[in-house]
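Residue numbering for the sequence shown follows our numbering, starting at 945 and increasing by one per position. Idealized CB from N, CA, C, for every residue including glycine. Predicted model only: the values in this text are computed from it and were never measured. What follows is a single structure, written as structure tokens, with notes after it.
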Amino acid sequence: MKVAVIMGSASDWDVMAPCCETLEAFGISYEKRVLSAHRNPGPLAEYVSSLKDKGCEIVIAGAGGAAHLPGVIAALTTLPVIGIPVKSKALGGLDSLLSIVQMPSGIPVATMAIDGSKNAALYAVSILALADSALAEKLQEFREQQSQKVLNTVI
Ligand code: RP5
């Protein structure tokens, strides 16, 4: 398993699904878990500490509101952590974004856009592609197809 996808609640799944679909499209092995930084601090710490032994290289974490999940995970591991701020009901995700992006110096989280879970997967692919030429080729093809799609747009 190369990537761990963690979300704070099952209610985050609709936002996180495109992340998992994108990892699957690139053939990246991943594991997904629902673990809350606030409701399950012990099991979260235990799970994060097991990741390196499982071969995990990147953690993607999505949470909303007081979205401490990616930051807490980053505090528990030196694996790169990509955070996805999930749109919240009360503040439209600005709370989630600021919670995730404003990390203290020394413990970084690569923060995506609000609900930007597809980009989290693509960012993980970019990192993994550094050491995997077949994956790098797939990523290049994806970019070319995406570019072509825009160029072919007729309005
Ligand atoms: C966060 O609180 C979760 O990541 C979710 O985005 C938000 C609401 O969670 P639920 O009350 O729906 O479980 O911890």
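Buried/exposed call for residue i, threshold 16 Cβ in 10 Å
i       : result
Lys946  : buried
Ser993  : exposed
Ala1078 : exposed
Arg1037 : Going by the sequence as given, residue 1037 is Gly instead of Arg. With 16 or more Cβ atoms within 10 Å of its Cβ, Gly1037 is classed as buried.
Asp997  : exposed
Ile1002 : buried
One or two residues paired with residue i in a DSSP bridge
i      : result
Glu968 : In DSSP, Glu968 forms no bridge with anything.
Ile950 : Arg977 and Ala1005
Spatial neighbours of residue i in its chain, beta-carbon cut-off 6 Å, leaving aside the 5 residues before and after
i       : result
Ile950  : Arg977, Leu979 and Ala1005
Ser973  : Met945 and Lys946
Ile1055 : Per the sequence shown, residue 1055 should be read as Thr rather than Ile. The residues are Gly1027, Ile1044 and Val1045.
Gly1015 : Met1047 and Val1053
Leu1013 : Gly952, Ala981, Ala1005 and Ala1007
Residue i: CB within 7 Å of a non-hydrogen atom of the ligand HEM
i      : result
Asp956 : With respect to the ligand HEM, the structure shown offers nothing to examine, as its ligands consist of the ligand RP5.
Anticipated Cβ contact below 8 Å, residue i with residue j, distance rounded
i       : j       : result
Ala1011 : Val1030 : 7 Å
Own chain partners of residue i with C-beta closer than 8 Å, once the 5 adjacent residues on each side are dropped
i      : result
Pro962 : Ser1061, Lys1062 and Ala1065
Gly999 : Met945 and Lys946
Pro987 : Leu979
Minimum length 3: unbroken beta strand (DSSP E) runs contained in the stretch 998 to 1084: 1002 to 1008 and 1025 to 1030
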